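For the protein sequence lines, the chains are U and G, in the order given. In terms of the working numbering, the first sequence opens at residue 14 and continues consecutively. In terms of the working numbering, the second sequence opens at residue 310 and continues consecutively. Shown next, in structure tokens, is the structure this report addresses.
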Amino acid sequence: MIWGVLQFPGSCDERDALHACSLLGEARLVWHEERDLRGVDAVVVPGGFSYGDYLRAGAIARFSPAMEGVAELAAAGAPVLGICNGFQVLCEAGLLPGALLLNESMRFLCRQLDLIGDGDERLSIPAKHGEGRYYAPEEVLDGLEANGQVAYRYAPGQNPNGSARDIAGVRNEAGNVVGLMPHPEHAVDPLTGSTDGLRVFEAVAAAGARA
Amino acid sequence: MSVGTAKHRELGLTDSEFELIVAQMGREPNVVELAMFSLLWSEHCAYKHSRKLLKQLPTEGERVVMGPGENAGAVAVGNGYAVAFKVESHNHPSAVEPFQGAATGVGGILRDVFAIGARPIAILDSLRFGELDSVRSRHLLDGAVRGIGHYGNSIGVPNVGGEIYFEEPYEHNCLVNAMCLGLAKSADMVRAAAAGIGNTVVLMGATTGRDGIGGASVLASAELGEADEAKRPTVQIGDPFEESKVLECCLELLEKGLLVSLQDLGAAGLTSSAGEMAAAGGVGIDIDVARVPLREADMEPFEIMVSESQERMLAVVEPARVPEVLAVCEKWQTGSAEVGVVTDTGHVRILRGEEIVGDMPVAALVDGCPLYDLEPAEPEGWIYGNRATLAPGTSSEDELLALLAAPSIASKRWAFEQYDSVVGSRTVRRPESADAAVLQLPESGNAIAVSIDGNGRRVACDPHAGTIEAVLECAQNLACVGAEPLGLTNCLNFGNPEKPATAWQLDQAVSALAEACTALGVPVVGGNVSLYNEGPEGPIYPTPVVGMVGELPDPAQVAGSAFVAAGDAIGLIGPFSPTLAGSELAKQRGALDKGLPRPDIAAVAAACASVRDAVRAGRLASVHDVSDGGLACALAECAIGAGIGCRVDVQHLRDRGCSPEEALFGEGSGGFLVSGERAELEALGAVYLGEVGGGTIEIAAGDRSLVVGLGTAESAWRSLPAQTEHSGT
């Protein structure tokens, strides 16, 4: 599998995501002006502050040529993983439901957290963001829960930002597009804290294969 | 276009300095020239009160790749790689507008590091504020922490450590010192010296506006006063997105070998970068202000030359490579303009199109400023205030809790959780998990450790001993993670050097810095001096902030500072002989006075070596250096971090002449609190103190013995968030 990691002006975590993907397969950076993503099997939209995020986070990056290519890949069932700013971009692009608002504390927060994934899988992964409070209308949240579209929740008592229903990450209806606020690419090395993040990449790759 | 002599005083030049300029120019300077001289001859740029002293510092070592005089210093870390680092102050801007002041402080130090071709890999910061019961201090703290986070987080460089102290003398004049480390291939590093007559000078990055005009002379080189609101326009506004693009652009240009030299635009903007590049290269430079991209069309030439607009870099490029350089700038959507040319005139000439609006010999502009001798005089007694906050007769338990809750000692999680500490995938030890930050370097197959420290209160008590302690504290922090020092950077934050007492503090501190660095064999590879840190109430505590970088062979072999397992033995290693002089307890009792015991550098160095070897060999479960609040606070920190109590007897320190309360709360260099197997500790020469275990911190100290529940201690130690929201005056 060849992973493409998007790079916008203002991306911060693209090299770390590239490294994480390279542990699972081939990986290359995709410059934001690349419209044609043929040859890429899976996409990571990485964290950072695309275009400075001086407007709403992700609001400008969604219009980049590369995101048109990502939308096509997503529609074709390819695995797409949005991390932090990437999650925000995917929500802005309408590829995932909901929106990310300012943290309840109104502060940026960086902390190692436990996430609960499918089948009560527990993962230790760092989160670091200022705009990570997941929001969607109640009926949308009900629908996400009913369809199994809540991909990750913060472990009880560890919700760092006031996200609705402790939601840390969601997936689209087909299951091949996943976004989450915490950073699995920063949990792929025991020396820096945890290797649990690899399971997030593996799960997205597998979901894409099924979609 | 001559100017009246009153103008130079407004710009911070003395009458005799002005006369010297006239003599060196052979005529009176015009407005543009006077503005440029006033900046380059300011304390901030010319180091006119400190340069003579700084000559004492040892700057050479076999690992030094770049020393003082470049944008940042650098040391070799193996496999052809070097780590660049520097600390710099942004005190006065932060005291006027803390968010932008601190943010642009981070932006400036990042540019210093990537200006030599190193990719920034870590930020640390050293902050000082007044006591937290003041509204102003809480405002400055909140703004500075948000500003540091805003800039560093947005640009994707992890903030891995730092320190914050709260002391009354910083009430008006807070300190914001930021340190950055970068990694480069030694062969790809670039210097700032302009070279190649006829080469093109390219200005890259943001446009030039009226922000920050006169920052170096007006803000950084004079005391703060009551009317500082009016100085707000002299504080620069940061744009981390622009910096991120400029950073990537510069690193790509250097990787492609397209630049002859590179320099950031910091204090004094184009004036200092062009002047210093010309001086370093022994050449001249012509700058055409008509070619500088502006934010406001009607800017005067002098404004363009002195603007401190952020996120700008100046490069020298061979004419044939200019199109390639402009194409890379275009790719990164960052500005670029050919604004000048390298000449053989030995002059900096400022043009507006065809018209020459300024023409100055480089030698006069950059190196012509007179250097002053200090007139130091040791003050009688303690010259600062000291409010008592602890009543006489307070129990040992309550003293311990008061110390743990002291904002200078309490956990700084509230602050460091606002910073991204993990981006870059190098951070092996995050803040508070060990005494120094540890970053892995897969490129060279090893790791580096870094620590920043400087307890101004202790330096105020004794500038010589206190400064030596600051260096030893860093060395001890590095030893705790098994690292050997490679180099040191420093930021000397002092009051007005024209006052004899401050001059004495500065003189003592610099000679102590030289003595400690020489004795430890650690070269000083760069630094910064920030003087005139005074408010209406008087000077700050003299605050030499020391940043030390070391290396360790194996990042997997790093002990943490917290205890690990119940049943482990606890021991004390090192020549620790604590007293209450200058301690946090003395401060809270209102008992601060002049004088500290003189640290034994050689003995501390020997203890560092022994701890370093033991950590590398995996012989210790935990290591924590004994610092603020003494042994009792160090024990509490190790216990809180582990969630396990301890039972110890510190009466062994009686052999060293310590009273029970000195053993508990006394401070001084040279103490390592370690845990592990008792036989291992004893083989290392540790004094056995007790055992890890239980749910209380139990310390036998004769008539000052104490028992404190772990939860109670932790609540006190974690009280900083509540204190930052305090609603009093």
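Virtual Cβ for every residue (Gly too), placed ideally from N, Cα, C. It should be emphasised that the depicted structure is a prediction, and the values quoted were computed from it without experimental measurement.
Within-9 Å CB hit, residue i to chain G
i                      : result
residue 77 of chain U  : no
residue 212 of chain U : no
residue 123 of chain U : yes
residue 167 of chain U : no
residue 29 of chain U  : yes
residue 198 of chain U : yes
residue 4 of chain U   : No answer is possible for residue 4 of chain U: it lies beyond the span of chain U, which begins at 14 and ends at 224.
residue 215 of chain U : no
residue 95 of chain U  : no
residue 61 of chain U  : yes
residue 58 of chain U  : no
residue 143 of chain U : yes
residue 219 of chain U : no
residue 201 of chain U : yes
Contact under 9 Å by Cβ, residue i with residue j
i                      : j                       : result
residue 953 of chain G : residue 1018 of chain G : no
residue 637 of chain G : residue 580 of chain G  : no
residue 799 of chain G : residue 849 of chain G  : no
residue 393 of chain G : residue 513 of chain G  : no
residue 553 of chain G : residue 65 of chain U   : yes
residue 173 of chain U : residue 114 of chain U  : no
residue 842 of chain G : residue 386 of chain G  : no
residue 210 of chain U : residue 200 of chain U  : yes
Per-residue contacts from residue i into chain G (C-beta, under 8 Å)
i                      : result
residue 26 of chain U  : 465, 732
residue 64 of chain U  : 550
residue 204 of chain U : 737, 749, 864, 865
residue 32 of chain U  : 734
residue 139 of chain U : 731
Chain U within 9 Å of residue i, Cβ atoms only
i                       : result
residue 729 of chain G  : yes
residue 898 of chain G  : no
residue 737 of chain G  : yes
residue 311 of chain G  : Caution is warranted here: a pLDDT of 46 is assigned to residue 311 of chain G, below 50, making its placement in the model unreliable, and the coordinate value is therefore given only provisionally. No, residue 311 of chain G does not count as interfacial toward chain U.
residue 458 of chain G  : yes
residue 741 of chain G  : no
residue 1032 of chain G : no
residue 455 of chain G  : yes
residue 357 of chain G  : no
residue 554 of chain G  : yes
residue 557 of chain G  : yes
Selected residue, minimal CA-CA separation from residue i, among the options
i                       : options                    : result
residue 750 of chain G  : G:430, G:402, G:422        : G:430
residue 796 of chain G  : G:376, G:322, G:737, G:426 : G:376
residue 657 of chain G  : G:609, G:469, G:584        : G:584
residue 1009 of chain G : G:973, G:624, G:729        : G:973
residue 994 of chain G  : G:1028, G:879, G:968       : G:879
residue 979 of chain G  : G:788, G:701, G:403        : G:788
residue 632 of chain G  : G:562, G:570, G:601, G:654 : G:562
residue 909 of chain G  : G:355, G:780, G:357        : G:780
residue 158 of chain U  : U:23, U:69, U:110          : U:110
Cβ of residue i within 9 Å of any chain C Cβ
i                     : result
residue 67 of chain U : No chain C is present in this structure, whose protein chains are U and G.
Chain G contact residues for residue i, given Cβ-Cβ distances below 9 Å
i                      : result
residue 175 of chain U : In chain order: nothing, as chain G lies at least about 16 Å away.
Chain U contact residues for residue i, given Cβ-Cβ distances below 8 Å
i                      : result
residue 641 of chain G : 22
Interface residues of chain G facing residue i [CB-CB closer than 7 Å]
i                      : result
residue 120 of chain U : 727
Residues that residue i contacts on chain U, provided the C-beta gap is smaller than 7 Å
i                      : result
residue 462 of chain G : 121
- Hey, is the region 834-847 of chain G in contact with the region 887-903 of chain G, meaning 3+ C-beta pairs nearer than 8 Å? The region 834-847 of chain G is not in contact with the region 887-903 of chain G.
- Task: Would you check if the region 860-877 of chain G and the region 453-469 of chain G touch, i.e. whether three or more CB-CB distances between them fall below 8 Å?
- Result: Note that the region 453-469 of chain G does not touch the region 860-877 of chain G; fewer than 3 beta-carbon pairs, one per stretch, sit closer than 8 Å.
- Message: Would the region 939-957 of chain G count as touching the region 808-821 of chain G if we require 3 or more Cβ pairs under 8 Å?
- Response: When C-beta atoms of the region 939-957 of chain G are compared with those of the region 808-821 of chain G, fewer than three pairs fall below 8 Å, so the two segments do not count as touching.
- Message: Assess contact between the region 724-732 of chain G and the region 190-206 of chain U, defined as three or more Cβ pairs (one per stretch) separated by less than 8 Å. Is contact present?
- Response: They touch, by the three-pair rule.
- Is there contact here, the region 334-354 of chain G with the region 599-618 of chain G, by at least three beta-carbon pairs under 8 Å? Between the region 334-354 of chain G and the region 599-618 of chain G there are three or more inter-stretch CB-CB distances shorter than 8 Å, so the stretches are counted as touching.
- Message: Using 8 Å as the cut-off, can you tell me whether the region 492-511 of chain G makes contact with the region 846-861 of chain G, which would need three or more C-beta pairs spanning the two stretches below that distance?
- Response: The answer is no - the region 846-861 of chain G does not touch the region 492-511 of chain G, with fewer than three Cβ pairs under 8 Å.
- Is it a yes or a no for the region 479-495 of chain G touching the region 37-57 of chain U, going by three-plus beta-carbon pairs under 8 Å? Touching, no, given that fewer than three Cβ pairs across the two stretches are closer than 8 Å.
- At least 3 beta-carbon pairs within less than 8 Å: the region 155-164 of chain U vs the region 93-107 of chain U: Contact between the region 155-164 of chain U and the region 93-107 of chain U is absent, because fewer than three Cβ pairs lie under 8 Å.
- Message: With a threshold of 8 Å, are at least 3 pairs of Cβ atoms found where one atom belongs to the region 889-902 of chain G and the other to the region 686-705 of chain G?
- Response: Contact between the region 889-902 of chain G and the region 686-705 of chain G is present, because at least three Cβ pairs lie under 8 Å.
- the region 763-772 of chain G in contact with the region 464-480 of chain G per 3-pair CB rule at 8 Å: These segments touch.
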